[in-house]
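Numbering (my numbering), first residue to last: 1 to 172. Each residue gets a CB set at the ideal place from its N, CA and C atoms; glycine is no exception.
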């Protein structure tokens with residue numbers, strides 16, 4: 001499992017040539033479909049261009065690099081229908097996480113993706129700098145049901161462990 005922050009700025013290497021193609025500048029995901037749409041990379045060339053790598057062309061998202069099938073695995077964002085809709089949906093980071101009961105549970109710090117399947121699996125929650133230092137950040141499975149606005153993510157149902165919700169409440 002990889003946090004989005006861990007994927008950003010990774011170099012992208014094409015396995016057919018062994019060349020560095022560029023670096024990841026954004027992770028494009030669909031909240032509604034709960035899946036990775038692609039990686040936006042800035043291509044290394046005379047003229048820098050932004051291109052998308054779709055999940056089927058990603059061989060591996062490692063700790064130090066992203067490997068892809070070939071140079072031909074790069075697409076203009078406009079050629080992939082889901083890209084613009086997914087980019088409009090993005091925005092989990094820095095949102096307040098609120099329970100159904102109205103308790104603020106923390107701030108969403110990052111989203112976690114299963115790098116093998118491309119499925120969005122969890123949220124990393126921050127209780128603030130001091131709380132993070134004392135207790136560490138908490139990770140919860142992506143709930144089955146939530147409401148998303150510009151500043152809040154409200155859990156409706158689906159957080160399996162009630163004690164986790166209590167732990168998150170204790171962070172504040």
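{"Item": "Tell me the rounded alpha-carbon separation between residue 65 and residue 20.", "Value": "10 Å"}
{"Item": "Cα-Cα, which of 142, 153 and 39 is closest to residue 103?", "Value": "153"}
{"Item": "Report, in whole angstroms, the separation of the C-beta atoms of residue 151 and residue 95, which I expect to be a contact under 8 Å.", "Value": "6 Å"}
{"Item": "Are the CB atoms of residue 113 and residue 2 nearer to each other than 8 Å?", "Value": "yes"}
{"Item": "Rounded to whole angstroms, what's the CA-CA distance from residue 101 to residue 33? Just pull it up for me.", "Value": "26 Å"}
{"Item": "Compare the beta carbon distance of residue 50 and residue 77 with 8 Å and say whether it is the shorter of the two.", "Value": "yes"}
{"Item": "With a threshold of 16 other CB atoms inside 10 Å of the CB of residue 45, please say whether the residue is buried or exposed.", "Value": "exposed"}
{"Item": "List the endpoints of the continuous beta strand (DSSP E) containing residue 43.", "Value": "35 to 43"}
{"Item": "Examine chain B for any beta-carbon lying closer than 8 Å to the beta-carbon of residue 66, and answer yes or no.", "Value": "Included in the structure is just one protein chain, with no chain B present."}
{"Item": "Taking the DSSP output, what are the residues bridged to residue 152?", "Value": "96"}
{"Item": "In terms of residues, what are the limits of the beta strand (DSSP E) holding residue 23?", "Value": "20 to 30"}
{"Item": "Return yes when the Cβ of residue 110 is within less than 8 Å of the Cβ of residue 37, no when it is not.", "Value": "no"}
{"Item": "Between which two residues does the alpha helix (DSSP H) containing residue 133 stretch?", "Value": "129 to 135"}
{"Item": "Looking only at its chain, what residues have a beta carbon closer than 8 Å to the beta carbon of residue 13, apart from the 5 residues adjacent to it on each side?", "Value": "19, 20, 21, 65, 66, 67 and 68"}
{"Item": "Since I believe residue 28 is in contact with residue 52 (beta carbons under 8 Å), could you give me their beta-carbon distance rounded to a whole number of angstroms?", "Value": "7 Å"}
{"Item": "Which class does residue 60 belong to by DSSP, given the choice of helix, strand or coil?", "Value": "strand"}
{"Item": "Are there 16 or more other CB atoms within 10 angstroms of the CB of residue 54, so buried, or fewer, so exposed?", "Value": "buried"}
{"Item": "Measuring only from the beta carbon, is residue 125 closer than 7 Å to any heavy atom that is part of the ligand NAD?", "Value": "Of ligands this structure carries none, so the ligand NAD is not represented either."}
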